[in-house]
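The next block holds one structure in the form of structure tokens; read it before the comments.
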Amino acid sequence: MAHVIAVTNQKGGVGKTTTAVNVSACLAESGKKTVLIDLDPQGNATSGLGIDKSGLQRSIYDSLIDAMPLGEVLQPTLVKKLTVAPATMDVAGATIELVGMDAREYILKQRIHEWEQTAAESYDYVIIDCPPSLGLLTINALTAADYVMIPVQCEFYALEGLAQLMQTVEMVRADLNRTLQLLGVVLTMYDGRTNLSIQVAEEVKKYFSSRVFKTIIPRNVRLGEAPSHGQPITVYDPRSKGTEVYKKLTKEVKKRVV
Ligand code: ADP
Ligand code: MG
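The UniProt record's numbering applies: residue 1 is where the sequence shown begins, and numbers increase by one.
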């Protein structure tokens, strides 16, 4: 069975999508069959992988709400072993529609499970890019996941909200998914020239100690540009610092997953 990793932080703009897209691409390029599930109605992971949302007939919405098999919504990407379950704006409606459904926290888990039972080939990783909230979509992601990965931006308000996020993870572990584990916290958009970045990194390390990934993602222009070209960094600029650090981070991810 695939390792399922939810990339979560209820704050927007902290590097969830950048991390989900680029770790997925690095996993796939290293030979691991990977699916990226885009659970954010903004669909940034979808467009960041070069998929034109306006031309899509199906999205993760159809799977969640209308029980379309997950395999039927998957789209190929320009990275060979990487497919994506795309999100479009209608996923925003799913947040509301899920509320009235039976076992509403388990819908995504169920879809992944059914798909794994019937898929022709087995997959190595499922990465879930979460929306910037702790609502029912994120709860579904955490319930379906074996691991949670938390990007933290090296900015002033970085630590705000982390306590609430960890409480949510604990709640999910207590009530919905006993085996959920913290894979790690990844520091993003680090700028070693600023005291602030250095301080935030130290604070996060104090709190999460060995759970902080050794690889720190620097602020990097090419990483910021890649999504507008619909490419992961490994395709957009294979020789960039961004490619180098996301490859390193992916190695750590593989080591931590057992
Ligand atoms: P989230 O998914 O948490 O909202 P994103 O991954 O979309 O965050 O990142 C927010 C913005 O910052 C995007 O425009 C993205 O391209 C940019 N960005 C993310 N990581 C970096 C980085 N390491 N260096 C430069 N820009 C980045
Ligand atoms: Mg995002």
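We put the beta carbon where it would ideally sit given N, CA and C, even for glycine.
First and last residue of the uninterrupted alpha helix (DSSP H) at residue i
i: residue 66; result: 60-66
i: residue 198; result: 195-208
i: residue 215; result: Looking at the DSSP string, residue 215 is not in any alpha helix (DSSP H), and its letter there is neither H nor E.
i: residue 253; result: 241-256
i: residue 36; result: Where residue 36 is concerned, there is no enclosing alpha helix (DSSP H), although the beta strand (DSSP E) it sits in stretches over 34-38.
i: residue 236; result: 233-236
Cutoff 8 angstroms; reference residue i; Cβ partners in own chain excluding five residues on either side
i: residue 116; result: 1, 2, 122 and 123
i: residue 136; result: 95, 98, 99, 104 and 105
i: residue 61; result: 87, 88, 90, 91, 93 and 94
i: residue 74; result: 35, 83, 84 and 85
i: residue 227; result: 17, 18, 21, 44, 47 and 48
Inter-residue spacing [alpha-carbon to alpha-carbon] between residue i and residue j
i: residue 208; j: residue 98; result: 33 angstroms
i: residue 225; j: residue 45; result: 14 angstroms
i: residue 66; j: residue 5; result: 24 angstroms
i: residue 23; j: residue 247; result: 7 angstroms
i: residue 183; j: residue 132; result: 19 angstroms
i: residue 55; j: residue 35; result: 20 angstroms
i: residue 157; j: residue 253; result: 26 angstroms
i: residue 163; j: residue 20; result: 22 angstroms
i: residue 236; j: residue 102; result: 43 angstroms
i: residue 76; j: residue 50; result: 10 angstroms
i: residue 63; j: residue 194; result: 44 angstroms
i: residue 10; j: residue 17; result: 12 angstroms
i: residue 205; j: residue 230; result: 33 angstroms
i: residue 232; j: residue 242; result: 10 angstroms
i: residue 256; j: residue 125; result: 13 angstroms
i: residue 169; j: residue 110; result: 19 angstroms
i: residue 149; j: residue 167; result: 15 angstroms
For residue i, the first and last residue of its enclosing beta strand (DSSP E)
i: residue 4; result: 3-7
i: residue 112; result: Counting along the chain, residue 112 falls outside any beta strand (DSSP E), though it belongs to the alpha helix (DSSP H) covering 107-118.
i: residue 27; result: From DSSP, residue 27 is part of no beta strand (DSSP E) but of the alpha helix (DSSP H) over 16-29.
i: residue 56; result: Where residue 56 is concerned, there is no enclosing beta strand (DSSP E), given that its DSSP letter is neither H nor E.
Close-in-space but distant-in-sequence residues of the same chain around residue i (CB under 7 angstroms, 5 per side omitted)
i: residue 190; result: 154, 197, 201, 216, 217, 218 and 219
i: residue 80; result: 28
i: residue 15; result: 151, 153, 188, 189 and 217
i: residue 26; result: 234, 246, 247 and 250
i: residue 141; result: 6, 8, 39, 108, 128 and 130
i: residue 203; result: 159
i: residue 12; result: 132
Residue i Cβ short of 7 angstroms to the ligand GTP heavy atom set
i: residue 180; result: This structure does not include the ligand GTP; its bound ligands are the ligand ADP and the ligand MG.
Sequence-distant residues of its chain with Cβ nearer than 6 angstroms to residue i (five each side left out)
i: residue 68; result: 62
i: residue 179; result: none
Practice prompt. Could you pull out every unbroken alpha helix (DSSP H) segment of at least 4 residues lying fully inside the segment 127-190, listed in chain order?
Written response: 136-144 and 162-175
Worksheet entry | 3 or more residues per run - each beta strand (DSSP E) lying fully within the segment 70-99 | 82-85
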